[in-house]
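Q: Numbering (UniProt numbering), first residue to last: 1 to 354. Submitted below is the structure of interest, expressed as structure tokens.
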């Protein structure tokens, strides 16, 4: 008997699945046909598929919800009124027109992902859940697009999707439906607006290229100026070092010459203080006298000669007289300082006549 009832229930169930769904054909898409199953007949023994909930009414009043697996119903009194799928459902939101904040008309469509959380509310809270959610998604999309400009619509698509999901969930809580996510598929812009956007993009690219080129020229000019500055600084440092080294060299040369001259004078004074110093000085003056006249004859055609140029002994005597007078003047100056010390120095400067 139980086997016969099960066979009869299975046959009636297969027959009921071939019947027309209760959802109006005008609003049914492929996704909605997968969502809305046909209503099975009460065969006393029923097998509910996984991820489905069958709403049972007893004498026209809600009785209970059948869980997946084996279930028993009372014939005639119990009737399966609604079949709700608990799977995630995908609904295509039809394309619609919306006006952005800057008065640009857009054609936009999307995809809605939702799931039934409460089969009782989904059955008795709204007449047609899928149609209600679709219309709510369309109106919410138009409202959210009206808050954004055209540029922000493309940049903030993720924020726009989040706001639409939040608005849908606030209204669909009473229907037992939860919107998981919403995605915008296509955004169609009017042709003229599209052309202006392309022109704007080209202008932005040209502007960016001009700015980059000007920055390149600026950096190149700065680098050239810095190079010239460094070159001038290095050149001035080199000149400064060269002048310092040259001055140091000249100073060292002057000191060396002065020291050599002082040493020569000391040697000469020592030599004159020795015996026969006057004779040696006379010989040196005579040699210089003859050398000077010979050089004058070589370097110039015009020669100025004294009246007694042939009297070499007279010239030497005259030079020694000048030397002696200079030595006496030096000794007088020294006597005014210290007579004893001046006496010693005069004896050193004026050797005794031989």
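A virtual CB, placed ideally from N, CA and C, is assigned to each residue, including glycine.
So, residue 150 versus residue 184, is the Cβ gap smaller than 8 Å?
A: Taking 8 Å as the Cβ cut-off, residue 150 and residue 184 do not qualify as a contacting pair.
Q: Determine the contact status of residue 177 and residue 119, defining contact as a CB-CB distance below 8 Å.
A: Result no, Cβ atoms of residue 177 and residue 119 do not sit closer than 8 Å.
Q: When you compare only the Cα positions, how much space is there between residue 173 and residue 125?
A: C-alpha separation (whole angstroms): 10 Å.
Q: So for residue 161, helix, strand or coil by DSSP?
A: In this structure, residue 161 counts as helix in the three-state DSSP scheme.
Q: Going by alpha carbons, who is nearest to residue 49 out of 79, 84, 207, 76?
A: Here the closest residue by C-alpha is 84.
Q: According to DSSP, is residue 105 part of a helix, a strand, or is it coil?
A: Residue state, collapsed to three classes: strand.
Q: For residue 109 and residue 93, which I take to be in contact (beta-carbon distance under 8 Å), what is that distance rounded to the nearest angstrom?
A: Right, their Cβ atoms sit about 6 Å apart.
Q: How big is the Cα-Cα spacing for residue 146 and residue 71?
A: Approximately 51 Å, taken between the alpha carbons.
Q: Taking its Cβ as the centre, do 16 or more other Cβ atoms sit within 10 Å of residue 75, making it buried, or is it exposed?
A: Result: exposed.
Q: If you drop the 5 nearest sequence neighbours on each side, which residues of the same chain put their C-beta closer than 8 Å to that of residue 157?
A: If we look at residue 157 and ignore the five residues flanking it on each side, its Cβ neighbours are 184.
Q: Enumerate, from N- to C-terminal direction, the unbroken alpha helix (DSSP H) stretches of 4 or more residues contained entirely within the stretch 34–58.
A: Counting whole runs of 4 or more residues, the stretch 34–58 contains no alpha helix (DSSP H) stretch at all.
Q: What first and last residue would you give for the beta strand (DSSP E) that runs through residue 185?
A: Where residue 185 is concerned, the enclosing beta strand (DSSP E) stretches over 177–188.
Q: Here's the rule: buried if 16 or more other CB atoms are within 10 angstroms of the residue's CB, otherwise exposed. What is residue 236?
A: Answer is exposed; the Cβ neighbour count stays below 16.
Q: Within 10 angstroms of the Cβ of residue 419, are there 16 or more other Cβ atoms? Answer buried if so, exposed if not.
A: Any property of residue 419 remains undetermined from this structure, which presents the chain solely from 1 to 354.
Q: Roughly how many angstroms separate the alpha carbons of residue 182 and residue 79, rounded to a whole number?
A: So the alpha carbons of these two residues sit roughly 36 Å apart.
Q: Excluding the five sequence neighbours on either side, which residues of its own chain have a C-beta within less than 7 Å of the C-beta of residue 63, listed in chain order?
A: Here the set comprises 56, 57, 78.
Q: So residue 88 is in the alpha helix (DSSP H); what residue range does that whole segment cover?
A: Residue 88 -> no alpha helix (DSSP H), and no H or E assigned at all.
Q: Starting from residue 66, follow the beta strand (DSSP E) in both directions and report where the run begins and ends.
A: Element bounds for residue 66: 61–66.
Q: By how many angstroms is the C-alpha of residue 68 removed from the C-alpha of residue 162?
A: Their backbone Cα atoms lie some 34 Å apart in a straight line.
Q: Keeping to the same chain, check which residues put their C-beta closer than 8 Å to that of residue 138; ignore five residues upstream and five downstream.
A: Here the set comprises 93, 94, 96.
Q: How close, in whole Å, do the beta carbons of residue 116 and residue 140 come, if the pair is a contact with beta carbons under 8 Å?
A: Contact flag wrong, Cβ pair sits at about 19 Å.
Q: Are the CB atoms of residue 114 and residue 180 nearer to each other than 8 Å?
A: Yes, these two residues count as a Cβ contact at 8 Å.
Q: Within this structure, are the beta carbons of residue 90 and residue 111 separated by less than 8 Å?
A: A contact, by the Cβ cut-off of 8 Å.
Q: If contacts are defined as beta-carbon pairs under 8 Å, then residue 187 and residue 106 qualify, I think. What distance do you get, rounded to the angstrom?
A: 6 Å between Cβ atoms; contact.
Q: Assuming the contact rule is C-beta atoms closer than 8 Å, residue 175 and residue 121 should be a hit. Round their C-beta distance to whole Å, please.
A: So it is a contact: roughly 6 Å between Cβ atoms.
Q: In this structure, does DSSP put residue 147 in helix, strand or coil?
A: Residue 147 falls in the coil class under three-state DSSP.
Q: Tell me the DSSP secondary structure of residue 119 in three-state form.
A: Residue 119: helix per DSSP, three-state reduction.
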